[in-house]
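Undergrad: Numbering (the UniProt record's numbering), first residue to last: 1 to 394.
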Amino acid sequence: MSFKELNSLALEKKEYLIALRRRIHENPELDFNCENTARLVEKELDDLDIRHFRVAGTGVVGVLQGGNGGKTVAFRADMDALPVYEATKAVYASKVEGRMHACGHDVHTASLLGTASLLAAMREKFSGTVKFFFQPAEETNGGALPMIEEKIMEAPKVDAVFSLHCDPGLEAGTIGIGYGKFRAASDMFHIVIHGSGSHGAEPHRGIDAVAVGSEMVGALQHIVSRRTSPFDPVVVTVGSFHAGTAGNIIADRAEMRGIIRTMDPDTRLFVRALLRRVAQNIPDALGAIGEISFTEGYPSLVNDEDMTHLVAACGRELLGDDRVHVMKEPNMGVDDFAYFLQKAPGSYFLLGTGNTEKGLVHPLHSPFFDVDEACLPVGSALMAAVALRFLEGR
Numbered sequence: 001m002s003f004k005e006l007n008s009l010a011l012e013k014k015e016y017l018i019a020l021r022r023r024i025h026e027n028p029e030l031d032f033n034c035e036n037t038a039r040l041v042e043k044e045l046d047d048l049d050i051r052h053f054r055v056a057g058t059g060v061v062g063v064l065q066g067g068n069g070g071k072t073v074a075f076r077a078d079m080d081a082l083p084v085y086e087a088t089k090a091v092y093a094s095k096v097e098g099r100m101h102a103c104g105h106d107v108h109t110a111s112l113l114g115t116a117s118l119l120a121a122m123r124e125k126f127s128g129t130v131k132f133f134f135q136p137a138e139e140t141n142g143g144a145l146p147m148i149e150e151k152i153m154e155a156p157k158v159d160a161v162f163s164l165h166c167d168p169g170l171e172a173g174t175i176g177i178g179y180g181k182f183r184a185a186s187d188m189f190h191i192v193i194h195g196s197g198s199h200g201a202e203p204h205r206g207i208d209a210v211a212v213g214s215e216m217v218g219a220l221q222h223i224v225s226r227r228t229s230p231f232d233p234v235v236v237t238v239g240s241f242h243a244g245t246a247g248n249i250i251a252d253r254a255e256m257r258g259i260i261r262t263m264d265p266d267t268r269l270f271v272r273a274l275l276r277r278v279a280q281n282i283p284d285a286l287g288a289i290g291e292i293s294f295t296e297g298y299p300s301l302v303n304d305e306d307m308t309h310l311v312a313a314c315g316r317e318l319l320g321d322d323r324v325h326v327m328k329e330p331n332m333g334v335d336d337f338a339y340f341l342q343k344a345p346g347s348y349f350l351l352g353t354g355n356t357e358k359g360l361v362h363p364l365h366s367p368f369f370d371v372d373e374a375c376l377p378v379g380s381a382l383m384a385a386v387a388l389r390f391l392e393g394r
């Protein structure tokens, strides 16, 4: 089948994809609590006569067998929403207060179901296996790892794995690709400073935890600007700083929470070690006691060069040369699709969802985020094209 025919078939499914996306968007679910979304996915797979099974509670794996033998290719779509109050006023806005698909996972899920529909209709025309991974908990606890631990990358062994992600900075009808390190690793940190309280008129009689903490915030940025290479991206953010009970009391305790984002695994360890020294030595020098703990997040996401070439080639043939954008810089956001890429070569690419004329330009995680739904058949067709081209061995 030519890519032109594939594109036409995807466009014929546009209304179906829009309806799917809106049903998911109206009923957002958080974390691993994606039961209704998982059931919707299972029903669609049943209708397509695609075998499926549950993993990690609400994760769904679909398995489409083509002709005998051949390779195995997999695609991941995350299903979970965010704890955001939607402000779009769209007719399909969230029906659940305080929850919203503000990161486009409704688009990811609907697009992959579209891909499943396209490939199911031509299962007699290709050899090999296609796996569809519908994943909960990308935004929070990392649903990828529990799914992988249930052997979904095996039996049959996955030879290549792909995932798309919405990008409102790219116009609908375009895609973005990136080679090598494409998303950051992350680690949360929690710092507690123990000083001693005193009257605000006699600060010398106490150890001011606020003053100590303020010194530390500045020192953390010194790590970024003076201890790491400007060619090796590092972000250290203090997002929460709490201390004190009244304006005339020297605080005896301060608490900070933040996140580190790095691209290089060695830099990741180096920055964590420096944070530990700052958290202990600055309080010690100023008469306080500092404690720090880390919660390890996702690893950096590294795209395989050959698999990214494949996505780019399919995109150019399907959409046109001018609609495939090579992203010059990595993004310091994170995605647990990185774990899949540790198990098999693959690529994580961007699906343009923006439309400047319609005002669909709000960033991911914004309460005003929405997409140009013309992106849906594009995502479906592109993933189907990648699957067919990979299984053909071209």
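We put the CB at the ideal spot given by N, CA and C, even for glycine.
Among 382, 388, 381 and 376, which has the Cα closest to the Cα of residue 104?
TA: With distances taken between Cα atoms, residue 104 lies closest to 376.
Undergrad: In or out: residue 309 buried (at least 16 other Cβ within 10 Å) or exposed?
TA: Exposed, by the Cβ-count rule.
Undergrad: Using the C-alpha atoms, what's the distance from residue 354 back to residue 94?
TA: Approximately 20 angstroms between the Cα atoms of the pair.
Undergrad: On the DSSP letters alone, give me the boundaries of the alpha helix (DSSP H) that residue 344 sits inside.
TA: Element bounds for residue 344: n/a, residue is neither H nor E.
Undergrad: Residue 100 lies in the beta strand (DSSP E); which residues open and close that run?
TA: Unbroken run through residue 100: none, as it is neither H nor E.
Undergrad: Which residue's Cα is closest to the Cα of residue 378: 60, 118, 40 and 26?
TA: Taking only the C-alpha atoms, the option nearest residue 378 is 118.
Undergrad: For residue 109 and residue 80, I'd like the C-alpha separation in whole angstroms.
TA: The straight-line gap from Cα to Cα measures roughly 10 angstroms.
Undergrad: Measuring CA to CA, which of 302, 244, 358 and 58 is closest to residue 31?
TA: Of 302, 244, 358 and 58, the residue nearest in Cα terms is 58.
Undergrad: Expressed to the nearest angstrom, what Euclidean distance is found between the alpha-carbon atoms of residue 348 and residue 160?
TA: Looking at the two C-alpha atoms, the distance is approximately 11 angstroms.
Undergrad: Could you tell me how far apart the beta carbons of residue 382 and residue 318 are, in whole angstroms, since I believe they sit closer than 8 angstroms?
TA: Rounded, the Cβ-Cβ distance is 6 angstroms, consistent with contact.
Undergrad: Taking 9 angstroms as the threshold (C-beta atoms), are residue 261 and residue 184 in contact?
TA: Their beta carbons are under 9 angstroms apart, which means residue 184 touches residue 261 by this criterion.
Undergrad: Which whole runs of the beta strand (DSSP E) in the segment 36-88 are 3 residues long or more, in chain order?
TA: Segments of the beta strand (DSSP E) lying fully in the segment 36-88: 51-55, 59-65 and 67-78.
Undergrad: For residue 169, which residues from the same chain have a beta carbon less than 7 angstroms from its beta carbon, with the 5 sequence-adjacent residues on both sides left out?
TA: Counting only Cβ-Cβ distances below 7 angstroms, and skipping sequence neighbours, we find 354.
Undergrad: Taking the continuous beta strand (DSSP E) assigned at residue 207, which residues delimit it?
TA: Per DSSP, residue 207 belongs to no beta strand (DSSP E) and is neither H nor E.
Undergrad: Identify whether residue 383 lies in helix, strand or coil by the three-state DSSP scheme.
TA: Helix.
Undergrad: Pairs of beta-carbons, one from the segment 248-267 and one from the segment 184-195, closer than 8 angstroms: are there three or more?
TA: Contact between the segment 248-267 and the segment 184-195 is present, because at least three Cβ pairs lie under 8 angstroms.
Undergrad: Report the residue from 176, 116 and 27 whose alpha carbon sits nearest the alpha carbon of residue 410.
TA: Shown here, the chain extends from 1 to 394; a query on residue 410 therefore has no answer.
Undergrad: Compare the beta carbon distance of residue 209 and residue 276 with 9 angstroms and say whether it is the shorter of the two.
TA: For residue 209 and residue 276, no; Cβs fall outside 9 angstroms.
Undergrad: Going by other Cβ atoms of all chains shown within 10 Å of its Cβ, with 16 needed for buried, is residue 106 buried or exposed?
TA: Looking at its Cβ environment, which holds 16 or more other Cβ atoms inside 10 Å, residue 106 is buried.
Undergrad: Do the segment 261-275 and the segment 196-204 meet, that is, are 3 or more Cβ pairs less than 8 angstroms apart?
TA: These segments do not touch.
Undergrad: In chain order, which alpha helix (DSSP H) runs of at least 4 residues are fully inside the UniProt domain "Peptidase M20 dimerisation" (188-281)?
TA: Listed in chain order, the complete alpha helix (DSSP H) runs (minimum 4 residues) inside the UniProt domain "Peptidase M20 dimerisation" (188-281) are 209-222.
Undergrad: Please determine, among 350, 150 and 87, the residue with the shortest C-alpha to C-alpha distance to residue 326.
TA: For the residues 350, 150 and 87, the minimum Cα distance to residue 326 belongs to 350.
Undergrad: To the nearest whole angstrom, what separates the beta carbons of residue 180 and residue 303, a pair I think is in contact under 8 angstroms?
TA: That pair is a contact at about 6 angstroms.
Undergrad: Grouping DSSP H, G and I as helix and E and B as strand, with all else coil, what is residue 375?
TA: Three-state DSSP puts residue 375 in a helix.
Undergrad: If you run the structure through DSSP and keep just helix, strand and coil, what is residue 167?
TA: DSSP places residue 167 in strand when its eight states are reduced to three.
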